[in-house]
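Q: This is the structure I want to talk about, given as structure tokens.
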Amino acid sequence: DKAVLENHHVSFAYTVIAEEAGCNVFKDIDNSTYTTIRANTIAMVLSTDISKHFEELGKLKTKTNQQATSDVPFPDPEKNEDKMLVLCVMLHACDVSNPAKPNQIYLYWTNNVLQEFFNQGDKEKELGLPVSMF
């Protein structure tokens, strides 16, 4: 029940990679590298869940404030935690950046997303399911 959409996106992507001909971009890499890429990808996609927004923002602010008041570098290239935080925040920023686009593009995509939500609600009603609140 957590990050349902984001979990679906990761699951679907890895299903396509594993099952669709010509889609396995990992076929020529070793298992250790694949495992690292998969773990990082999952962490990054799950971090786009809006419920994680303030948690991730707080971590970023803490790290940047520490850097400003001490000799602690951020991001520290030796710390995987720092690298993952930067990657997660960057992907999340891309995910929520639609309002920063020119109005014509922003409104076009906003209308598409709203229509998708309404269609989903209609389908849920039709199937006798509780309507999701996004």
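When we follow the numbering used here, the leftmost residue of the sequence shown carries the number 1, and every step to the right adds one.
Built from N, CA and C at the ideal position, the CB exists for glycine as well.
1. Would you grab the beta carbon distance between E56 and V89 for me? Rounded to a whole angstrom, and I think it's under 8 Å.
2. Using the three-state DSSP reduction, which class does D82 fall into: helix, strand or coil?
3. Would D95 pass as a contact of T62 if the rule is Cβ separation under 8 Å?
4. Could you give the DSSP three-state label for F118: helix, strand or coil?
5. State the DSSP-derived secondary structure class of I17, mapped to helix, strand or coil.
6. Which residue spans inside the segment 44-75 form an unbroken alpha helix (DSSP H) run of at least 4?
7. Taking only three categories from DSSP, how would you classify F26?
8. From I17, K83 and L60, pick the residue whose C-alpha is nearest to that of N40; which is it?
9. Considering Cα atoms alone, identify which of G121, T35, Y14 and S32 is closest to N24.
10. Return the CA-CA distance between N111 and P73, expressed in angstroms with no decimal places.
11. Nearest CA to the CA of D1: which residue from L46, I29, T36 and E19?
12. Take A3 and list the residues in its own chain whose beta-carbon comes closer than 7 Å to its own, dropping the five residues that flank it on each side.
A: In short, the structure shows the following:
1. With a Cβ gap of about 6 Å, E56 and V89 count as contacting.
2. Residue state, collapsed to three classes: helix.
3. Not in contact: D95 and T62 (Cβ atoms no closer than 8 Å).
4. Helix, per DSSP.
5. Reduced to three states, the DSSP call for I17 is helix.
6. Note on the segment 44-75: whole alpha helix (DSSP H) runs with a minimum of 4 residues are 53-69, in chain order.
7. Three-state result, F26: coil.
8. It is K83.
9. Shortest Cα-Cα distance from N24 to any of G121, T35, Y14 and S32 involves Y14.
10. So the two alpha carbons sit approximately 42 Å from each other.
11. Closest in alpha carbon position to D1, among L46, I29, T36 and E19, is L46.
12. Leaving aside the five residues that flank A3 on each side, the residues in its chain whose CB is nearer than 7 Å to its CB run, in chain order, L46 and D49.
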